[in-house]
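Numbering-wise, the numbering used here comes out as the position in the sequence shown, counting from 1, plus 6.
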Amino acid sequence: MASVGIALSTNSTRDEAELLRRADMAMYRVKQQGRNGCEFFDPAMDDQAAERLDMVNALRRAVERDELVVHYQPIVDLETTAVRAVEALLRWNRPGRGLVSPVEFIPLAEETGAIVSLGEWVLNEACAEAQCWAKSGLSEAPVTVNVSARQLLDPRFESAVAKALTFSGLNSAGLILEVTESSVMQNADVTIAKLDRISATGMRIALDDFGEGYSSLAHLRELPIDILKIARPFVRELTEDDHDPALVRGIIDLARSLGLRLVAEGIEYPEQQAILRAFDCRLGQGFLFARPMAAMDLRAMLAEQRGALQRLGDKAR
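Pasting the structure below:
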């Protein structure tokens, strides 16, 4: 079934162009919800469309107005909780509204193409920050940056990554690019070739949210990936009463058989950490260890970790 929008003619609305506009708006609502079907025009849609347009325009100006910020969430060793990598996450501090949820603006940026310039900005910021940790002796932990489907298909993507590394001075091993199955498979031949070239430079590729997309062994073998990230829903189910751990165990065994490193996402409870450790999953991230934080807070955390390691070394002597 197709997506259909319906607008009814009334005494106050008889203009054909206006009716077509309203029908288009209703059809767009159906598509936004990711399903086929039909929807009647509602006057509230006009307000929502105006708000959406306002957000699009504000988002395009956000970089120039210094409204964007990168927060960082540690990826830790599940046994020692030492920081092994850090994920960079884009945040938008919009004047008058405060922090806007990524759920609100990331899909919009994807749809309008603004994600390409935003993604380049995040790459530059994250690489510069990771080089700061390395130069100051705080940590050699690599930074992971999410890459969207639009970015992967952009012909300038590879040069944007290279420039971010060059300008920051960060070694290619210090950057991990995170992609999703769905973004890679949108144009698999082009994307896989591009990732192959990037991987050849020494950069690592992580497959994010494994299990939520196309998820097949064939895809895993085709992709030049080094790291598999277990999607949050699978981790969450580990502590539900009727959970079956076989699926998570199967993902871990599969990754190990393919020589991939594993990261479990969305760990919130010690019980989840314990189960994952028992399954020999060694890395994870989530609110149990740390929420996404500002760069200065992360530096303080890394400094504290370095100090603790130094104290242990002194005692060992």
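Even glycine gets a Cβ: it sits at the ideal position worked out from N, Cα and C. These numbers come from a predicted model, not from an experiment.
- In the structure shown, the three-state DSSP call for Q291 is coil.
- One alpha carbon belongs to A91, the other to H225, and they sit about 25 Å apart.
- When only Cα atoms are considered, W98 and H77 end up about 10 Å apart.
- Apart from sequence neighbours up to five positions away, the residues of its chain that approach A309 with a beta-carbon distance below 7 Å are L144, ordered along the chain.
- The alpha-carbon separation between I204 and E164 amounts to approximately 7 Å.
- Runs of the alpha helix (DSSP H) spanning 4 or more residues and lying entirely within the stretch 245-310 occur at 252-263 and 276-284, in chain order.
- Taking C-alpha positions only, I112 is separated from R317 by approximately 42 Å.
- Between Q291 and the set A284, A301 and Q279, the nearest pair of CA atoms involves Q279.
- Put simply, the backbone Cα of L294 is about 23 Å away from that of I182.
- Beyond the five residues adjoining it in sequence on each side, A261 comes within less than 7 Å, by CB distance, of L234 and L268 in the same chain, given in chain order.
- If you compare the alpha carbons of L264, E85, L74 and E45 with that of P276, the shortest gap goes to E85.
- Cβ contact annotation for A68 (same chain, cutoff 7 Å, sequence separation greater than five): L74 and W98, in chain order.
- Leaving aside the five residues that flank L171 on each side, the residues in its chain whose CB is nearer than 7 Å to its CB run, in chain order, C133, S178 and L181.
- Runs of the beta strand (DSSP E) lying entirely within the stretch 89-174 and spanning at least 3 residues, in chain order: 89-100, 104-106 and 149-152.
- Under the Cβ criterion (8 Å, minimum of three pairs), the stretch 135-150 does not count as touching the stretch 103-122.
- As DSSP reads the structure, Q79 sits in a beta bridge with E93.
- Around the beta carbon of V196, a 10 Å sphere encloses fewer than 16 other beta carbons of the protein chains shown; the residue is thus reported as exposed.
- Annotated three-state conformation of L229 is coil, per DSSP.
- Contact between V185 and V151 fails: their C-beta atoms lie close to 10 Å from each other, not under 8 Å.
- Distance check between R100 and each of N63, A206 and R288 places N63 closest, using alpha-carbon atoms only.
- Annotation: the continuous alpha helix (DSSP H) that includes D195 extends over A194 to S205.
- Spanning the alpha carbons of E228 and L201 requires a straight line of approximately 11 Å.
- For F240, DSSP assigns no beta-bridge partner whatsoever.
- Counting only residues of its own chain and dropping the five nearest sequence neighbours on each side, L129 has a CB closer than 6 Å to the CB of V151 and A170.
- Counting the other Cβ atoms within 10 Å of the Cβ of M209 gives 16 or more, which makes it buried.
- For L289, the CB contacts under 8 Å within the same chain, skipping 5 residues up- and downstream, are I81, V82, D83, L84, R90, A91, R267, L268, V269 and A270 in chain order.
- With fewer than 16 other beta carbons inside 10 angstroms of its own, D247 counts as exposed.
- Under DSSP, V185 forms a beta bridge with L213.
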